[in-house]
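Below: the structure, in structure tokens.
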Amino acid sequence: MTDVRIAGVGLTKFGSHPERTGRDLFAEAALAAREDAGVSRDDYEEIFYGNFMGELAEKQGHQGPVMAEAAGLDCPATRYEQACASAGVAFRQAVATIRSGAADVVLAGGMERMNNLGTAEVTQSLAIAADELFEVRAGVTFPGAYALMARAYFDAFGGDSEDLAHIAVKNHANAMQNDYAQFHREITVEDALESPVVADPLTLYDACPITDGASAVVLVSDDYAERHGLDAPVSVTGSGQGGDKAALQDRPHLARTPAATKAADSAYADAGIGPDDVDVAEVHDCFTIAEVLALESLGLYDHGEGVGAAARGETTRDGDLPVNLSGGLKAKGHPVGATGTAQIVEMTKLLRGDHGNSDAVPDARVGVTHNAGGTVASAVVHVLEVDR
Amino acid sequence: MTETGYDEWLAAIADGEGYYLACPDGHGSLPPRRSCPHCGAAELTAEPLPETGEILTFTEVHVPAPNFADEAPYVTAIASFGPVKLTGVVRDLPADEVDLGTTVSVGVGENATTDEQLLVFRPASE
Ligand SMILES: [Zn+2]
Chain A
0 MTDVRIAGVG
10 LTKFGSHPER
20 TGRDLFAEAA
30 LAAREDAGVS
40 RDDYEEIFYG
50 NFMGELAEKQ
60 GHQGPVMAEA
70 AGLDCPATRY
80 EQACASAGVA
90 FRQAVATIRS
100 GAADVVLAGG
110 MERMNNLGTA
120 EVTQSLAIAA
130 DELFEVRAGV
140 TFPGAYALMA
150 RAYFDAFGGD
160 SEDLAHIAVK
170 NHANAMQNDY
180 AQFHREITVE
190 DALESPVVAD
200 PLTLYDACPI
210 TDGASAVVLV
220 SDDYAERHGL
230 DAPVSVTGSG
240 QGGDKAALQD
250 RPHLARTPAA
260 TKAADSAYAD
270 AGIGPDDVDV
280 AEVHDCFTIA
290 EVLALESLGL
300 YDHGEGVGAA
310 ARGETTRDGD
320 LPVNLSGGLK
330 AKGHPVGATG
340 TAQIVEMTKL
350 LRGDHGNSDA
360 VPDARVGVTH
370 NAGGTVASAV
380 VHVLEVDR
Chain B
0 MTETGYDEWL
10 AAIADGEGYY
20 LACPDGHGSL
30 PPRRSCPHCG
40 AAELTAEPLP
50 ETGEILTFTE
60 VHVPAPNFAD
70 EAPYVTAIAS
80 FGPVKLTGVV
90 RDLPADEVDL
100 GTTVSVGVGE
110 NATTDEQLLV
120 FRPASE
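Chains as they are written, first to last, in numbering that gives the first Met the number 0: chain A, 0 to 387; chain B, 0 to 125.
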């Protein structure tokens, strides 16, 4: 099996850019990744592109060819839709394609335009990731679904809103060093606890913002990187995906996300590592409680132990296992269909040393990314390792 | 919009004749289904829903989607009814009296925003 290397990465600045078209956002990220990679245009063989709500936000279906043009490339392009895990599954297919020997150079990425819709429309659009018949019609919003999980978690394992507030504080602090992040504003536990209730027990500061942005990654085979003398020190050594019932009501436990456990177990086995080998993690904290569920599903914490990790200082910048040094979805922002590959971009830079927070993990060798769709009915986990 | 299978199920609940689908291994699921989502068995039979359920988790939603604009704030809950769990809006009970373990009955109400039928939980009469 061919090893996969990350030759280049690119991001737009995340934030509110309601006037920018999706194709312009993706062009910026793709061109940045291509420049970072330094690979000949003619060598790109395929594009794997993630997008969630393009039909709703821009009335644009069939986005693959539109985004190939935007990226300045002449090769087949396919869109992947898996809610908030859209770019994660796109990246996973890109990895599989190179491993199979079917291609030596591909581009994976994602884009979401959201702020051109109002808050109400965005809320409605995000809700389509839930089960339409059995959840949306019963008033389940995206924050509402995670609120149902948060209350179930507190009941099953303990923890409280103050524990969750520490996660928001941590991720806002991490984003201060990330030029691409949506927020550059430190917050306090009190700010978080006093912010307006969105769906109790979750408040505004438990939730990620509404974000426009794009991300892109150039993947190459080990062989190609060697032949062309590319500087590509980060490899993708593990990939895994898991699935679960779409609706929360059809799952045995409301405060666990076994799809992510399946994805992590596969990715770890693929990479030949275990959770103890992980030095740094980027996880899908669309809500603060989601970071907790992620840490526990990844095997980095036992069930019930993840909720206090930030408050205990274990997952902060100076902790033993820094989590979401990018700022996470919470403070970096969450352009839904771009998030999966944005996590890969952040992790690549953290490991190769050119991230604003790389100095927090100077010896890190193994990084893990965790990208989730809906209430983790879909999960994608990747293991990245850097040559040291 | 007509949703064959689901509409009949909601109508049965409104008539007090709610049911779920059971497979030979006792897994519960809700229509429309052609096989058990838990084990794949194709033989599904309709079984009566228990009269009451117990709230497992809930949230009071303050920021609604447009389809619930006129309802907010409202409480959505997941409640267990024997082998199945249902998701519905809690009615006839103040939000601060909703709790984990609250016993509820299931029925059908109207969404004040869309006039659509929706699943509602009400406090079970003693
Ligand atoms: Zn079954």
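Idealized CB from N, CA, C, for every residue including glycine.
Expected contact under 8 Å - CB spacing of residue i and residue j to nearest Å
| i | j | result |
| --- | --- | --- |
| glycine 239 of chain A | threonine 11 of chain A | So it is not a contact: roughly 28 Å between Cβ atoms. |
| cysteine 83 of chain A | alanine 128 of chain A | 7 Å |
| phenylalanine 397 of chain A | proline 232 of chain A | Nothing about residue 397 of chain A can be reported from this structure: the residues present for chain A run from 0 to 387 only. |
| glutamate 154 of chain A | threonine 287 of chain A | Note on identity: in this sequence residue 154 of chain A is aspartate, with glutamate being the wrong assignment. Contact flag wrong, Cβ pair sits at about 17 Å. |
| leucine 117 of chain B | isoleucine 54 of chain B | The pair is not a contact, with the Cβ atoms about 17 Å apart (cut-off 8 Å). |
| valine 105 of chain B | leucine 85 of chain B | 6 Å |
| leucine 350 of chain A | leucine 299 of chain A | The Cβ separation is near 17 Å, so there is no contact. |
Residue j beta carbon less than 7 Å from that of residue i
| i | j | result |
| --- | --- | --- |
| phenylalanine 67 of chain B | glycine 143 of chain A | no |
| serine 377 of chain A | glutamine 62 of chain A | no |
| valine 135 of chain A | isoleucine 209 of chain A | no |
| alanine 198 of chain A | valine 60 of chain B | yes |
| methionine 346 of chain A | threonine 368 of chain A | yes |
| leucine 116 of chain A | tyrosine 43 of chain A | no |
| threonine 188 of chain B | valine 83 of chain B | Outside the shown range of chain B, which is 0 to 125, sits residue 188 of chain B, and nothing can be said about it. |
| glycine 336 of chain A | glycine 9 of chain A | no |
| proline 321 of chain A | valine 279 of chain A | yes |
| aspartate 275 of chain A | leucine 328 of chain A | no |
| glutamine 176 of chain A | asparagine 356 of chain A | yes |
| alanine 263 of chain A | valine 375 of chain A | no |
| alanine 174 of chain A | alanine 330 of chain A | yes |
| serine 234 of chain A | aspartate 35 of chain A | no |
| valine 196 of chain A | threonine 202 of chain A | yes |
| glycine 87 of chain A | glycine 339 of chain A | yes |
| glycine 39 of chain B | serine 79 of chain B | no |
| alanine 141 of chain B | glycine 17 of chain B | Because residue 141 of chain B is not part of the residues shown, which for chain B are 0 to 125, the question remains open. |
| leucine 147 of chain A | threonine 102 of chain B | no |
| glycine 237 of chain A | alanine 215 of chain A | no |
| alanine 89 of chain A | glycine 49 of chain A | yes |
| leucine 247 of chain A | alanine 6 of chain A | no |
| arginine 4 of chain A | alanine 224 of chain A | yes |
| alanine 245 of chain A | aspartate 130 of chain A | yes |
| alanine 151 of chain A | alanine 254 of chain A | yes |
| arginine 112 of chain A | valine 65 of chain A | no |
| isoleucine 166 of chain A | glutamate 295 of chain A | no |
For residue i, three-class secondary structure by DSSP
| i | result |
| --- | --- |
| alanine 6 of chain A | strand |
| valine 62 of chain B | coil |
| threonine 202 of chain A | strand |
| leucine 85 of chain B | strand |
| tyrosine 48 of chain A | strand |
| glutamine 59 of chain A | coil |
| threonine 368 of chain A | strand |
| tyrosine 300 of chain A | coil |
| leucine 292 of chain A | helix |
| glutamate 7 of chain B | helix |
| glutamate 384 of chain A | strand |
| valine 375 of chain A | coil |
| valine 97 of chain B | coil |
| glycine 108 of chain B | strand |
| leucine 192 of chain A | helix |
| leucine 24 of chain A | helix |
| leucine 29 of chain B | coil |
Identity of the residues DSSP links to residue i by a beta bridge
| i | result |
| --- | --- |
| cysteine 74 of chain A | According to DSSP, which records beta bridges pairwise, cysteine 74 of chain A is partnered with nothing at all. |
| cysteine 83 of chain A | A/Gln81 |
| arginine 40 of chain A | According to DSSP, arginine 40 of chain A bridges with nothing at all. |
| valine 216 of chain A | A/Val8 and A/Ala107 |
| glutamate 53 of chain B | B/Ser79 and B/Thr102 |
| tyrosine 19 of chain B | B/Glu46 |
| proline 122 of chain B | B/Val103 |
| proline 211 of chain A | The amino acid occupying residue 211 of chain A in the given sequence is aspartate; proline does not appear at that position. DSSP lists A/Gly14 as partners of aspartate 211 of chain A. |
| tyrosine 73 of chain B | B/Val60 |
| glutamine 116 of chain B | B/Glu109 |
| valine 322 of chain A | A/Ala280 |
Requested in this report: Only counting runs of 3 or more residues, tell me where the beta strand (DSSP E) segments fall wholly within the segment 103 to 183 of chain A, in order along the chain.
Outcome: 104 to 111
Query - Uninterrupted alpha helix (DSSP H) stretches inside the segment 233 to 285 of chain A (no shorter than 4 residues) - result: 257 to 270
Report task. Starting from the N-terminal side, write out each stretch of the beta strand (DSSP E) that is 3 residues or longer and does not extend beyond the segment 324 to 365 of chain A. Result -> none
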